[in-house]
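> This is the structure, below, for whatever I ask next.
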Amino acid sequence: MDTFSKRKFIVAGIMLAIGAIFILRLFSIQITNKTYKQFATRNVLRRITVFPARGYILDRNEKLMVYNKAAYDLMIIPRETKAFDTLELCRIVQLERQDLRDAIRKAKQYSKYKPSIIAGQISPDVYAPLQEKLYKYPGFFVQTRTLREYPSKSAAQALGFVGEVNQKIVDTDHYYQSGDYIGVSGLEKAYEKELRGIKGVRNSMVDVHNRVKGKYNEGAEDTTAVLGQNLITGFDKDLQAYAELLMTNKRGAIVAIEPSTGEIMLMVSAPSYDPNLLVGRQRSTNYSILDRDSINKPMWNRAIIGRYPPGSTFKLANALIALEEHAISPSDRFSCAGKVNSPIKCTHSHVSPLAIREGIRESCNSFFWNTFRQIMSHKSNSAESYQTWRDYITSFGFGTKLNPELSSEVKGNIPEVALYDKWYTPGHWNSMTIRSLAIGQGEIEATPLQMVNLVAMIANRGFYIEPHIVRAIQDVNREVRLLQYEKREVNIRPENFSIVIGGMQAVIEETKLQYTVKNEKFIICGKTGTVQNPHGADHSAFVGFAPRDNPKIAIAVFIENAGFGATYAAPIAGLLMEKFLNDSIAPKRKELEQKLIETDLLNVVEVKKKL
Amino acid sequence: MEKKNNVWENVDWITIGIYLAMMFIGWINIYAAVYNEEHKSIFDMTQVYGKQLMWIGAAVFIAVLMINTDSKFFVTFAFPIYIAITFLLILVPFIGTTINGAKSWIQIGSFSLQPSEFMKMATSLALARYISSYNFKMHSWKSMATLAGILFIPVGLIFLQNDTGSAIVFGVFLLVLYREGLNGIVLFFSFLIVLVFILTMILDPFITILILTVAAFIINYLMKKKWQRTVIAISVFVGVFTFFYLLNYFLQGTVDPLYFLMFAALVTCTVFFIWAMVLKKRSLAILIGIYFGSVLFSVSVDYVFHNIMEEHQRNRINELLGIQSDIHGTGYHVNQSKIAIGSGGLFGKGFLQGTQTKFDFVPEQSTDFIFCTVGEEWGFLGTTTVVCLFLGLLMRIIFLAERNRSRFSRVYGYCVAVILFFHFAVNIGMTIGLAPVIGIPLPFFSYGGSSLWSFTVLLFVFIRLDASRFEQLSF
């Protein structure tokens, strides 16, 4: 009757087979395969990085040198975008249409699911209208960041700047992610770990429209951001600004140290730049402009990378060594034939013969040639004598990196015995061969920092503390942690310092510097230098400290191609010491101050000096 | 009164139990799918879940109405019902409203009804009525033509309303015809054609031909278990393909590798077909014929689709297979759906705890993708429970259909089973990535009054017929 009755099994079998396939498939995706669970988490989980504000940089009086301002990054999650009015968005965030397209393309290449920056560091005035329109642009959101702000435009090179991390750092240091900021140079780089704080993470759940719907896992995996720590430096912000004013239209460097602590009070490298240029969206453009300026080299910190022959200022070191080694006695006199003196002529006119005090005062080349010759013949042979001399010089801080913070610092150069042995063969050189060292010329190279450190050591009568910028770290709770720096003793007896310091005081008070540098309220000790160099006119140099007893400031001033040390470097140092110690410039020196500020030494026609 | 009591005693309570359980599970999952902090009550009538409760109430009322209707009514009025709803379908383009791009709804007050949903029931009645007539002979031309007419009138009308998903449901009636004596070869070829068509559209002809070739080799091996013949065939095929492929590569030609694949198939088929004819191996010749026919079909589908069809026709097919309706790119919906189900694990995340569900990652979650909520919040236990409920219901209906002596009831019962089966297979299949995304609801689960009521009518007409299994249903 019903011949096809058995077909019910086939129909039922098809249904059961499909059901069985479904159950197998469900078993596979729900139990065996774990990736769907990860995808589900990735779907709803939005890791929002909370960027802490970077620490401030304060000066010695806790005045702000660097602080932060708010900025906003426009972010994109490519997967969540829909078609939108590109023109309007470009207009709001002030971006070229092509740039926006490129940025979106790059973001897509990076990840369709993870946020990327489309336009970084949007200012608050641009952010306000953007925020109102943001609902029109699904897939876009704004992340709050902080940018550096420099209330005065000072100390650009020493403070350094902040930039985006490069891929190499992202690959090696897991703290950083693409788009994060990092200190690139100066203190920003040296104290990156302290300044940056610790990033926080907020794990939120979002819906398909990327709207935050609440905490993920009740916030169990969230971490709070820790604010960056503040740096309290030894800088004197006002003095720094004043020094930069004095260096207007000049090329060179000034460094000042507080001798008793080794704190660097000011560090000028001129020409400089406004640090605010390296902040925000124009940073990379401005950076390449500054970086390409091969004439002014504004990014160079000449105070630590300028390799200058120290010139006559170096005579102080030679004087100390000669006295300590008993190569000369304080009463030894040497004669000087002035411009016809041999082997080194002396350009200064003065009494002859003269002893050490007058030798320093007059910067007599003949005196220091004889002194150096005594040092070099003090031991059994020249090499041994030179080695002794060199040991003293390096103990003063020459030929080594002094500052533990700034990575770009150079060592300078104090030649080793081996170099002269190589040049002249061993035993075939002597004081005569290397006579330039007697007056701080020749192969010697020193940075302004090393020169000021020499004076600080003299001011301290026998020791110096590693010159450093940062005095202390101030944490979030405003608790201050003082940093420890090494104190280095120098093997010179106090009475020898007295003799040299006496000469330095005479430099200020008994030469024509008494009209420009000498101060009525405190005693200044110093030494000028007129540095011959292969790059053109002589550099004008001065090192000194004040007050003579219980010194508060040691300073070195190098002005490139400015001629005599007494003309520019010494008065500038004098004004800075007066400003620091007296807080103001005496009226009688106002005219000098004005003249120095107005002097333009960048654009002088170079007059080749006859040697 | 006595008759009525009689009916209630004879209805199949197991089926009704499964039906109620499904509606209940569907309802709480709709609640979870669109759960909203501001409207926490599941009875909130302003929300989808509150409304669904209303639809369920109405469905129960309709069910009772059906059971209280005389079973002879359905037999007698099978054709008039079919004609009436067909008429409604014809009217839809003129008086209908457009919802979700398909102009297939009739607005009555605040309700929207979809005549195409009820057309399934009407067609089932008409089929049952025609097949159970005395002069019905499956393979007579007249019967075939009439059956085709009963099936193609609604399919054509529904297709015209842009509701392709509902239209293809009618294909499943082939299973009923098969049960009633349709030659199995028809079923086999229909299946093959649909399979090759879907493979060609979703993948591409190249991969489809590869799959067909591998299948042919396997079947060839299984037929005689002689691996030598298979190995020779594979060698010829691969050899011809590789030769032309490398030739093209070295001559830096730009010929589509699809042609080499076709050529390899052609060469292999010709060689073996001649061989089969010479040695009078009939089964091998048939296999080669079917294989080569499928390859040609796949290639021509691809050619027709890309070169002959108009843009809007292509869109229609893409829409049907869920290729283009995907706004986020290929596979986004299915992917999100699989993520939601897969993240449920063994026990699920718990009621109202599904993150994918709550945060709208899966589209259409209260309607077509309701199964995702089950998967995410109730896990593997929940999904297998639902699958088993369906299988249980289908088996129960087939069992009931088979125990009816009346051919009308049996055919109608099979119609109910295969319609529910098709929705079950395609809907759950698409949520777990085993079927194309065709927007058809999961019976008794998905949100929506129109579909719930039509399935209720469909099922309860059968329960009513089954309750009268001891009566002689005559016309």
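Quick mapping for you: the protein sequence lines, in order, are chains A and B. Under the numbering used here, the first sequence is numbered contiguously, ending at residue 611. Under the numbering used here, the second sequence is numbered contiguously, ending at residue 1086. Virtual Cβ for every residue (Gly too), placed ideally from N, Cα, C. All figures in this text were calculated on a predicted structure; none of them were measured in a lab.
I'd like the list of long-range same chain contacts for Y660/B, defined as Cβ closer than 6 Å, with 5 residues on each side in sequence excluded.
For Y660/B, where only same-chain residues beyond five positions count, the Cβ hits under 6 Å are I641, Y642 and I653.
> L602/A lies in the alpha helix (DSSP H); which residues open and close that run?
Here L602/A belongs to no alpha helix (DSSP H), and DSSP marks it neither H nor E.
> Spell out whether any CB of chain A is found under 9 Å from the CB atom of L786/B.
yes
> Could you compute how far the alpha carbon of T734/B sits from the alpha carbon of L788/B?
13 Å
> Judging by CA-CA distance, which residue of D171/A, G160/A and Y72/A is the nearest neighbour of E125/A?
Before going further, note that residue 125/A is Asp rather than Glu in the sequence given. Measuring from the Cα of D125/A, the nearest candidate turns out to be Y72/A.
> Write down the C-beta distance between I31/A and G956/B rounded to the nearest angstrom, noting that I regard them as a contact closer than 8 Å.
7 Å
> From the DSSP secondary-structure annotation, give me the bridge partner or partners of E96/A.
E96/A pairs with nothing; no bridge assigned.
> Which class does N370/A belong to by DSSP, given the choice of helix, strand or coil?
helix
> Taking all protein chains shown into account, decide if A158/A is buried (16 or more other Cβ within 10 angstroms of its Cβ) or exposed.
With 16 or more Cβ atoms within 10 Å of its Cβ, A158/A is classed as buried.
> Starting from L1005/B, find everything on chain A with Cβ-Cβ shorter than 9 Å and list it in chain order.
Correct list: A12, M15, L16 and G19.
> Would you mind telling me which residues of chain B sit closer than 8 Å to Q30/A, beta carbon to beta carbon, in chain order?
I952, G953, G955, G956, L957, G986, G990, F991 and T994
> Listing by chain order, which chain B residues have their CB less than 7 Å from the CB of K8/A?
R790, I1009 and E1013
> Whole angstroms are fine: how far does the CA of T233/A sit from the CA of V480/A?
A direct Cα-Cα distance of roughly 12 Å separates V480/A from T233/A.
> Put L266/A into one of helix, strand or coil per three-state DSSP.
strand
> Measuring only the C-alpha atoms, how far is F51/A from G399/A?
41 Å
> Answer yes or no: do V766/B and K731/B have a C-beta to C-beta separation smaller than 9 Å?
no
> Give me the Cβ distance between N403/A and I304/A, rounded to the nearest whole Å; I'm assuming they're in contact under 8 Å.
Between N403/A and I304/A, the beta carbon gap of about 6 Å places them in contact (Cβ cut-off 8 Å).
> Using 8 Å as the threshold, is the region 908-917 of chain B in touch with the region 810-825 of chain B, meaning 3 or more CB pairs across them?
yes
> Since K213/A meets chain B, which of its residues come closer than 8 Å, beta carbon to beta carbon?
K969 and F970
> Give me the subset of the region 474-487 of chain A whose CB atoms are less than 9 Å from a CB atom of chain B, sorted by chain position.
For the region 474-487 of chain A, no residue has a beta-carbon sitting nearer than 9 Å to a beta-carbon of chain B.
> For W716/B, list the residues DSSP reports as bridge partners.
T708/B
> May I ask which residues mark the beginning and end of the beta strand (DSSP E) holding L957/B?
Careful: L957/B lies outside any beta strand (DSSP E) and carries neither H nor E.
> Look at the alpha carbon of W389/A and the alpha carbon of E164/A, and state the distance between them as a whole number of angstroms.
The C-alpha of E164/A is placed about 47 Å away from the C-alpha of W389/A.
> Only counting the same chain, and skipping five residues up and downstream in sequence, which positions put a Cβ closer than 7 Å to that of Q718/B?
Correct list, in chain order: T708.
> Assign F1066/B to one of three DSSP states: helix, strand, or coil.
helix
> Tell me, please, which residues DSSP counts as bridged to V255/A.
M267/A and A556/A
> Taking DSSP as the reference, what is the three-state secondary structure of I673/B?
helix
> Report all residues from its chain with a CB closer than 7 Å to the CB of K969/B; omit the five preceding and five following residues, and keep chain order.
Y646
> State the DSSP-derived secondary structure class of L869/B, mapped to helix, strand or coil.
helix
> Touching or not, the region 329-344 of chain A and the region 187-204 of chain A, by the rule of three or more beta carbon pairs under 8 Å?
no
> Residues in the region 71-84 of chain A with C-beta within 8 Å of chain B's C-beta atoms, listed in sequence order?
R79
> Rounded to the nearest angstrom, how far is the Cβ of R251/A from that of L601/A, given a contact under 8 Å?
7 Å
> Here's a check: name, in chain order, each residue in its chain whose Cβ is nearer than 8 Å to the Cβ of L798/B, leaving out the five neighbours to either side.
L785, L786 and Y789
> Given L895/B, which residues of its chain have a CB within under 6 Å of its CB, disregarding the five upstream and five downstream residues?
A887
> Answer with buried or exposed for K609/A, where buried requires no fewer than 16 other C-beta atoms within 10 angstroms of its C-beta.
For K609/A, the predicted structure reports a pLDDT of 41, less than 50, and the residue's modelled location is therefore unreliable. A value from the coordinates is still provided. Of the other Cβ atoms in all chains shown, fewer than 16 fall within 10 Å of the Cβ of K609/A; this residue is therefore exposed.
> Hey, does S5/A have any beta-carbon neighbour from chain B nearer than 9 Å?
At least one CB of chain B lies nearer than 9 Å to the CB of S5/A.
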